[in-house]
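Notes follow the structure.
Chains as they are written, first to last, in this note's numbering: chain U, 34 to 614; chain S, 15 to 207.
In structure tokens, the structure reads:
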């Protein structure tokens, strides 16, 4: 029987069936569930690596040592892993090596909308792109075959709607994969100029062979319909295009690099008008144009955001479905917010009060940039909070630095914050760095990391001691503070920003969504004590509601963390049955 | 025997637990031997943002997304979210909405107002609207977390799919120790007119 699987879960199944024995990743939406699902297979060693570069290097090592290895990340993670990628393209593989990358068109949960297909071209690595969960599984298996046949890593690209859509999958048998022999081969695996020059020749030979493969592979296929219109498309765009153009002819591309040029020429010759339907950049389109074939694509379709069947119909077929909105009520937006009980809220309350410039980073705490906390000035990429704060101080001087802090999550700090901290110490900066130690990787849905003391499989392991780590790189001033003790937290922040040496504050309190975190349950506002000053509203908790004539706590949302109790000057917020002081 | 594809949208606020509902719907589709696609949102919007899940079943499903004017049924966990997504409903479609209100941040901070009379206006303009206090019904069944199943009960009644299929799908999807309360919640929803 077929099973309903997320694209990411199907990738995991494909890895299992392909005989993978090593899987590495750094969590990132929309790729996280790939490795979460792989970790459920006992026979596959799986790890959350500190970052994507390390993850890919581990997988490269496993491949050289003879195993089939898979490494997964989101699109921006591939930037971090780009260094090993470009050279692993030269070394090639021993056991098969597959790199999963999940793009996020529409930026549901990302800081940019980059199109990772360009990485395939610039690193000279083949790339496949599945269009549903069944293909996720099948293509991953095929990718391992390609990797070993053509001696190269293979990238499989997903997008959010493939990774996070469930569709039916027919599972298959696991292949019995025998670890390949390990042979020392420095000409292949030691990339110094003399050897790399020779390997580059091999890379070009392999790409020529892969262009031939692409023309003949089942991955690229023609579905004939009416020949007035021919559509070349791939991935999720194929599904949208099939709905928009009901009876056109389709060339569905499963291998987006290198493209099947002969197949494309043949297809183009048979149809009257040729369209390319692809999300984001004109990656396929420009290559077809270069072949001298006339094609309609991004002159009509947007390069910004996701596509949909409706957008394709409107832009390419001029048929817009008019929806007549019958209700004239204004619908307020509902942006994401930090959860009730979130430990970050206490910290932001203090940072806002002190009017500090906050150099921010990537995680749940990025939500602190939104109203009502609005306490974040910058957010660029993983780890940039620390280095950018250092840059701000070097640009504007120490006085500006005294009004500036960097804010970074525990997992993000390990990912790439530690190098920025070393930079501050080495180059005589005085920045204050707040590490948010909430005992988990929050935003991506609770993954372990080197600071939590558990592996991806939930096994206890040695925990990185953040205090000792900061000490070891030369930070003498390391303070641990509870963000819900706002008086003490404020005092610590004031002191540390003023001292003329670098400092680290570890803001320590576990994520409120962790199962073992139990608060006492919903609080209430005592109307006789409440002066309606709305100070409690300034903490920005979604459970506190202004009803106009009174302030109320939503009992379905409140967890009872008591942050608002501490902010209230009139003792008006508490638990029913609190003693009447 | 199947008509056109059945398109269902589940809308709500991140954290309300829309995931179980989509799993049950997906299982029902498989039991009927349909092609099924379920598209969810993960990541940032799960932190209290507006969330939507698309469930499509039928002979052949291509796009996992439902476009405006294409939903046969919208199942809303919160009334403002029902209003936000209502343009996706087909002319003769069914809207099933929980009456619960959760204020979004612009309302909490006083920058916007929570619209008044949402349910009345929805009922006036969309004949197939059913509204209910699913939270309270779930509470009476023994667990507020069974809101899911109350709404699915209402939904099940408004499809051509047999009740037994729904019950089987629930049994396969819900953890055994919560089965009784969830079946009770489903039945309570099924009886809502």
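Positions of the beta carbon are idealized from the N, C-alpha and C atoms, including for glycine.
Among the options, the one whose alpha carbon lies nearest that of residue i
{"i": "residue 71/S", "options": "83/S, 47/S, 64/S and 94/S", "result": "47/S"}
{"i": "residue 540/U", "options": "250/U, 472/U and 39/U", "result": "472/U"}
{"i": "residue 437/U", "options": "506/U, 411/U and 498/U", "result": "411/U"}
{"i": "residue 307/U", "options": "287/U, 288/U, 67/U and 331/U", "result": "331/U"}
{"i": "residue 478/U", "options": "28/S, 158/S and 100/S", "result": "28/S"}
{"i": "residue 463/U", "options": "62/U, 424/U and 416/U", "result": "424/U"}
{"i": "residue 150/S", "options": "113/S, 139/S and 168/S", "result": "113/S"}
{"i": "residue 150/U", "options": "142/U, 164/U and 135/U", "result": "135/U"}
{"i": "residue 359/U", "options": "187/S, 203/S, 25/S and 134/S", "result": "134/S"}
{"i": "residue 232/U", "options": "549/U, 370/U, 120/U and 248/U", "result": "120/U"}
{"i": "residue 78/S", "options": "74/U, 287/U and 201/U", "result": "201/U"}
{"i": "residue 282/U", "options": "353/U, 263/U, 292/U and 328/U", "result": "263/U"}
{"i": "residue 248/U", "options": "258/U, 235/U, 289/U and 213/U", "result": "289/U"}
{"i": "residue 165/S", "options": "34/S, 18/S, 20/S and 21/S", "result": "34/S"}
{"i": "residue 63/U", "options": "141/U, 50/U and 92/U", "result": "141/U"}
{"i": "residue 593/U", "options": "546/U, 582/U and 583/U", "result": "546/U"}
{"i": "residue 105/S", "options": "82/S, 195/S and 92/S", "result": "82/S"}
{"i": "residue 217/U", "options": "529/U, 122/U and 98/U", "result": "98/U"}
{"i": "residue 123/U", "options": "190/U, 239/U and 441/U", "result": "239/U"}
C-beta atoms of residue i and residue j nearer than 8 Å
{"i": "residue 159/U", "j": "residue 131/U", "result": "no"}
{"i": "residue 317/U", "j": "residue 267/U", "result": "yes"}
{"i": "residue 198/U", "j": "residue 42/S", "result": "no"}
{"i": "residue 107/U", "j": "residue 137/U", "result": "yes"}
{"i": "residue 169/U", "j": "residue 58/U", "result": "no"}
{"i": "residue 422/U", "j": "residue 402/U", "result": "no"}
{"i": "residue 253/U", "j": "residue 296/U", "result": "yes"}
{"i": "residue 391/U", "j": "residue 526/U", "result": "no"}
{"i": "residue 143/S", "j": "residue 152/S", "result": "no"}
{"i": "residue 381/U", "j": "residue 341/U", "result": "no"}
{"i": "residue 80/U", "j": "residue 489/U", "result": "yes"}
{"i": "residue 60/U", "j": "residue 474/U", "result": "yes"}
{"i": "residue 51/U", "j": "residue 208/U", "result": "yes"}
{"i": "residue 126/U", "j": "residue 184/U", "result": "yes"}
Secondary structure of residue i, DSSP reduced to three states
{"i": "residue 257/U", "result": "coil"}
{"i": "residue 15/S", "result": "Its pLDDT being 39, under 50, residue 15/S is placed unreliably in this model, and the coordinates cannot settle the point."}
{"i": "residue 509/U", "result": "coil"}
{"i": "residue 425/U", "result": "helix"}
{"i": "residue 159/U", "result": "coil"}
{"i": "residue 142/U", "result": "coil"}
{"i": "residue 40/U", "result": "helix"}
{"i": "residue 311/U", "result": "coil"}
{"i": "residue 201/U", "result": "strand"}
{"i": "residue 558/U", "result": "strand"}
{"i": "residue 40/S", "result": "helix"}
{"i": "residue 191/U", "result": "strand"}
{"i": "residue 263/U", "result": "strand"}
{"i": "residue 70/U", "result": "helix"}
{"i": "residue 339/U", "result": "coil"}
{"i": "residue 50/S", "result": "strand"}
{"i": "residue 269/U", "result": "helix"}
{"i": "residue 614/U", "result": "Reliability fails at residue 614/U, whose pLDDT of 48 lies under 50, so the model's placement of it is uncertain and no value is given."}
{"i": "residue 35/U", "result": "coil"}
{"i": "residue 306/U", "result": "strand"}
{"i": "residue 136/U", "result": "strand"}
{"i": "residue 80/U", "result": "strand"}
{"i": "residue 157/S", "result": "coil"}
{"i": "residue 30/S", "result": "coil"}
beta-carbon residue i near the ligand NAD non-hydrogen atom, thresh 7 Å
{"i": "residue 207/S", "result": "For the ligand NAD, the structure offers nothing, since it holds no ligand at all."}
Test: residue i CB closer than 8 Å to a CB of chain C
{"i": "residue 73/S", "result": "Among the chains of the structure shown, chain C does not appear; the protein chains present are U and S."}
> Can you list the beta strand (DSSP E) stretches of 3 or more residues lying completely in the region 343 to 423 of chain U, in chain order?
Replying inline: The qualifying runs are 390 to 392.
>> Any C-beta of chain U within less than 9 Å: which residues of the region 139 to 154 of chain S qualify?
In response: Result list: 139, 140 and 149.
> For the region 359 to 388 of chain U, which residues have a CB atom closer than 8 Å to at least one CB atom of chain S, in sequence order?
Replying inline: Residues are counted here when their Cβ sits less than 8 Å from a Cβ of chain S; for the region 359 to 388 of chain U these are 359, 360, 362, 363, 364, 365, 366, 367, 368, 369, 370, 371 and 372, given in chain order.
> Using Cβ-Cβ distances below 8 Å, what residues of the region 129 to 142 of chain U are close to chain S?
Replying inline: Residues passing the 8 Å Cβ filter: 141 and 142.
> Taking any Cβ of chain S, which residues in the region 334 to 359 of chain U have a Cβ under 7 Å from it, in chain order?
Replying inline: Of all residues in the region 334 to 359 of chain U, 341, 342, 343, 354, 356, 358 and 359 have a Cβ within less than 7 Å of some Cβ in chain S.
>> To test your reading of the DSSP string, which unbroken beta strand (DSSP E) runs of 3 or more residues are found completely within the region 417 to 495 of chain U?
In response: Counting only runs of 3 or more, we get 437 to 442 and 465 to 470.
> If contact means a Cβ-Cβ distance below 9 Å, which residues of the region 433 to 461 of chain U contact chain S?
Replying inline: Under the 9 Å Cβ criterion, the region 433 to 461 of chain U contributes no residue.
>> If the cut-off is 7 Å on Cβ atoms, which residues from the region 248 to 273 of chain U count as contacting chain S, listed in chain order?
In response: Of all residues in the region 248 to 273 of chain U, 272 and 273 have a Cβ within less than 7 Å of some Cβ in chain S.
> For the region 560 to 606 of chain U, which segments carrying the alpha helix (DSSP H) assignment without a break, of at least 4 residues, lie completely within its bounds, in sequence order?
Replying inline: Fully enclosed alpha helix (DSSP H) runs of 4 or longer: 596 to 600.
> In the region 93 to 141 of chain S, which residue ranges form an unbroken beta strand (DSSP E) of at least 3 residues, counting only runs that do not cross its ends?
Replying inline: Correct list: 103 to 112.
>> Beta carbons nearer than 8 Å to chain S: which residues of the region 196 to 219 of chain U have them?
In response: Listed by position along the chain: 197, 198, 199, 200 and 201.
> In chain order, what residues of the region 69 to 98 of chain S put their CB closer than 8 Å to some CB of chain U?
Replying inline: Those would be 75, 76, 77, 78, 79, 81, 82, 83, 94, 95, 97 and 98, in chain order.
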